[in-house]
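> Got a structure here, written out as structure tokens. Questions coming.
Numbering (this note's numbering), first residue to last: 329 to 707.
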């Protein structure tokens, strides 16, 4: 166990790191952030911040001095730094987990190789293999980059025959994964925490609504059958164990019209769809992540209040002006979280709010009405 008072390193300086630090401080830990860009959201609340490219070995060595463990707030860290980090301190999750989850090909091969349900897929490396894969998978299908994709980036939906040479040129990536399009009835996610000793606890399944490929709303608990909830937890536990993750893993799922579950993606870190846990669960995902990384007993994951989380993108800031927070906070059941990220750009995650329910149900319509009112007020 890593005792409170130790210093933990976090690779990446975004809001996930920021909220992990704020949770970890309550447990008495200190934090150092490694982030290429200065003035980052996590660095604002860390004890120290090192700004350098992820491949700067000297900076990485300075970063690791005195650390008891290193963790990540996003998985797309280049492979080169991982050996440097692992030689200096325990890396949690292990580099092998990041290696799998930061590449769609390796992730899909891990899932299918372990018998976890996922969409049919083929790996493609040029127009010829793309045409062959389309013939096997059929329409509609989705072409995704193998590396560094998030929030819908690096994806194109294919619905009919095309000039595959032109499609590949426009795709502009050396390797891709072609997946069958899944006509899902719901998207959901479940977050599992696993300690180095193998203890696992899962948060309740949450339902996700996306807009323009970015998470807009998370509904907890998911409005799905008890059997789907139970199957999702079983999947999350099995995936966490098969990966050997130390920390969190978020399992993104499609639900079909037959209530079947298909794994879409894995994220071995805190996840946007778990933000409601700060206000609606006994233990937040961020505290649980620090507990798991440090080998502490895991906290209860009970959802004590149904809730809805809504992302606040830079689009809500009218011409850079601050939204009407006074109007928003007049609702006594609303919890506002802002990330101190500076310039509010369209599509940039600047904060979120969580609306707590009061009648045993997640307040979906009320949360959407509040968001629409905030958006209109900024016009």
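Beta carbons are placed, not taken as given, at the ideal position from N, Cα and C, and that holds for glycine. Note that the structure is predicted; figures quoted are calculated from it, not measured.
Determine the DSSP secondary structure at residue 684, reduced to helix, strand or coil.
Translated into the one-based positions of the chain shown, residue 684 becomes position 356. Of the three classes helix, strand and coil, the one that applies to residue 684 here is strand, per DSSP.
> What residue range is occupied by the uninterrupted alpha helix (DSSP H) comprising residue 353?
Numbered from its first residue, the chain shown carries residue 353 at position 25. Here the alpha helix (DSSP H) through residue 353 covers 343-354.
> Residue 475 by DSSP, collapsed to three states: which one?
Position 147 of the chain shown, counted from the first residue, corresponds to residue 475. Reduced to three states, the DSSP call for residue 475 is strand.
> In chain order, which continuous runs of the beta strand (DSSP E) of length 3 or greater are located wholly inside the stretch 470-551?
With a minimum length of 3 residues, the continuous beta strand (DSSP E) runs that stay inside the stretch 470-551 are 483-486, 504-508, 514-522, 528-530, 534-539, 542-548.
> What number of angstroms, rounded off, separates the C-alpha of residue 534 from the C-alpha of residue 688?
Sequence index remark: in the chain shown, residue 534 carries index 206 (1-based). Sequence index remark: in the chain shown, residue 688 carries index 360 (1-based). If you take the alpha carbons of residue 534 and residue 688, they lie about 15 Å apart.
> What number of angstroms, rounded off, separates the C-alpha of residue 710 from the C-alpha of residue 501?
The structure shown does not extend to residue 710, since the chain is modelled only from 329 through 707, so no value can be given for it.
> Quick check: residue 402 and residue 340, are their CB atoms within less than 8 Å of each other?
Taking the chain shown and counting its residues from 1, one reaches residue 402 at position 74. Taking the chain shown and counting its residues from 1, one reaches residue 340 at position 12. Cβ atoms of residue 402 and residue 340: closer than 8 Å.
> Distance, Cα to Cα, residue 538 vs residue 600?
Within the chain shown, numbered from 1, the residue matching residue 538 stands at position 210. Within the chain shown, numbered from 1, the residue matching residue 600 stands at position 272. Taking the straight line joining both Cα atoms gives about 12 Å.
> With residue 663 as the anchor, note down where its beta strand (DSSP E) starts and where it stops.
Here residue 663 refers to the residue found at position 335 of the chain shown. Note, residue 663: beta strand (DSSP E), 662-666.
> What does a CB cutoff of less than 7 Å around residue 547 pick up in its chain, not counting 5 residues either side in sequence?
As a first step, residue 547 must be located in the chain shown, where it is residue number 219. So the qualifying residues of the chain are 534, 535, 636, 690, 692.
> Can you tell me which residues form a DSSP beta bridge with residue 400?
Position 72 of the chain shown holds residue 400. DSSP lists 339 as partners of residue 400.
> Compare the Cα-Cα distances from residue 370 to each of 336, 356, 388, 385 and report the closest residue.
Here residue 370 is taken as the residue at index 42 of the chain shown, counted from 1. That would be 336, whose Cα lies nearest to the Cα of residue 370.
> By the 10 Å Cβ neighbour count, where 16 or more other Cβ atoms means buried, how is residue 610 classified, buried or exposed?
The sequence position of residue 610 within the chain shown is 282, counting from 1. Residue 610 comes out exposed.
> Please give the ranges of any alpha helix (DSSP H) in the stretch 598-647, keeping only runs that are unbroken, at least 4 residues long and fully inside the region.
Here the runs fully enclosed are 605-608, 613-622.
> Helix, strand or coil for residue 334, going by three-state DSSP, please let me know.
Within the chain shown, numbered from 1, the residue matching residue 334 stands at position 6. If DSSP states are grouped into helix, strand and coil, residue 334 belongs with coil.
> If you follow the beta strand (DSSP E) that residue 708 is in, where does it begin and where does it stop?
Shown here, the chain extends from 329 to 707; a query on residue 708 therefore has no answer.
> State the Cα-Cα distance for the pair residue 573 and residue 415, rounded to the nearest angstrom.
Locating residue 573 in the chain shown gives position 245, counting from the first residue. Locating residue 415 in the chain shown gives position 87, counting from the first residue. C-alpha separation (whole angstroms): 19 Å.
> Helix, strand or coil: how does DSSP classify residue 405 here?
Reading the chain shown from its first residue, position 77 is the one you call residue 405. Three-state DSSP puts residue 405 in coil, outside helix and strand.
> Rounded to the nearest angstrom, what separates residue 639 and residue 367 at their Cα positions?
Taking the chain shown and counting its residues from 1, the one referred to as residue 639 is at position 311. Taking the chain shown and counting its residues from 1, the one referred to as residue 367 is at position 39. The straight-line gap from Cα to Cα measures roughly 22 Å.
> Report buried or exposed for residue 632, applying the criterion of at least 16 other Cβ atoms within 10 angstroms of its Cβ.
Position 304 of the chain shown, counted from the first residue, corresponds to residue 632. Exposed, since its Cβ has fewer than 16 Cβ neighbours within 10 Å.
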